[in-house]
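All you need for my numbering is the position in the sequence shown, starting with 1, plus 55.
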Amino acid sequence: MATHATSASFTPDDALDLLFSPNLISLEVKNALHPDVHVRPLASTDYRRGHLRVLSVLTAAPDTGEEAWCTHFNFLRNSGRTYYTIVMVEKASDQIVGVGTVFLERKFQRGISCVGHIEDIAVDERQQGKKLGLRIIQALTSISENSGAYKTILNCSDKNIREFSTYIIIHSVQLTSFFP
56 MATHATSASF
66 TPDDALDLLF
76 SPNLISLEVK
86 NALHPDVHVR
96 PLASTDYRRG
106 HLRVLSVLTA
116 APDTGEEAWC
126 THFNFLRNSG
136 RTYYTIVMVE
146 KASDQIVGVG
156 TVFLERKFQR
166 GISCVGHIED
176 IAVDERQQGK
186 KLGLRIIQAL
196 TSISENSGAY
206 KTILNCSDKN
216 IREFSTYIII
226 HSVQLTSFFP
């Protein structure tokens, strides 16, 4: 995975090409963050801010190069109100320290509604224990609810059930098939 030099200056939202409007992120979540951390949508330049590095805390996130990363970013953005990836940015370094995604599955049930699926919650190991994961989940749940979802599902590993179940109820079991 490529390493990138950190920038000493924080890049404000209005200077970035974002995945979606930052207005969709709950003001309550923004206000609950430490002043040294900023939450915003994924930006087209976040490959250089360590997006894959943070995801690698969760699972394998091989570096396929900036061009492939940008192509995928544009695919997500052009998918029409489906993918909402947010990042936590450490202001001092302008580097990503947390990430998470909610995607909306369109349903015929419940009056042609949708279900939010929270995935890929990852926090830089140096930032764990500061409730960034909780804030990411709260922000994504709010986006899901405000997008009309009738429920939001969080998939997590067995080791995270205890932590996440303090603010999300355990409702059912998911069976998974993994492919190479």
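In this text, a Cβ means the ideal position worked out from N, Cα and C, and glycines have one as well.
Have a look at the options and flag the residue whose alpha-carbon is nearest the alpha-carbon of residue i.
i	options	result
Ala177	His106, Ser81, Leu113	Leu113
Ala98	Ala87, Thr137, Ser81, Gln150	Gln150
Leu187	Ile80, His89, Leu82	His89
Ile173	Asn201, Leu82, Phe158, Cys125	Phe158
Arg103	Thr207, Arg136, Asn86, Thr66	Thr66
Arg161	Asp101, Gly120, Arg136, Glu180	Arg136
Phe75	Ala115, Tyr205, Asn133, Lys185	Asn133
Terminal residues of the continuous beta strand (DSSP E) containing residue i?
i	result
Ile151	150–161
Leu267	Lying before the first or after the last residue shown, residue 267 is absent from the chain, which here runs from 56 to 235.
Ile141	138–145
Ile173	169–178
Could you tell me whether any non-hydrogen atom of the ligand PLP is closer than 7 Å to the CB of residue i?
i	result
Asp175	Looking for the ligand PLP in the displayed structure turns up nothing, as the structure carries no ligands at all.
Alpha carbon to alpha carbon, what distance is there between residue j and residue i?
i	j	result
Lys146	Asp69	15 Å
Asp91	Phe130	31 Å
Val170	Leu71	29 Å
Glu122	Ser64	24 Å
Pro117	Gly203	34 Å
Ile167	Ser148	43 Å
Asn210	Gly184	20 Å
Assuming residue i is part of the alpha helix (DSSP H), what are its boundary residues?
i	result
Leu187	187–201
Ala123	121–132
Leu82	82–87
Counting only the same chain and skipping the five closest in sequence on each side, list residues whose C-beta sits under 6 Å from that of residue i.
i	result
Phe128	Ser99
Leu79	Ile198
Ile208	His172
Ser81	Ala194, Ser197
Enumerate in chain order the residues of its own chain whose CB-to-CB distance from residue i is below 8 Å, with the five nearest sequence positions on each side excluded.
i	result
Met4	Examination of residue 4 is not possible in this model, given that the chain is present from 56 through 235 alone.
Thr156	Tyr138, Tyr139, Thr140, Ile141, Ile173, Glu174, Asp175, Leu195
Arg106	According to the sequence as given, residue 106 is His; it is not Arg. Correct list, in chain order: Leu97, Trp124, Val142, Ile151, Val154.
Roughly how far, in whole angstroms, is the beta-carbon of residue i from the beta-carbon of residue j, given that I think they are within contact range, below 8 Å?
i	j	result
Pro96	Leu73	4 Å
Val84	Gln193	5 Å
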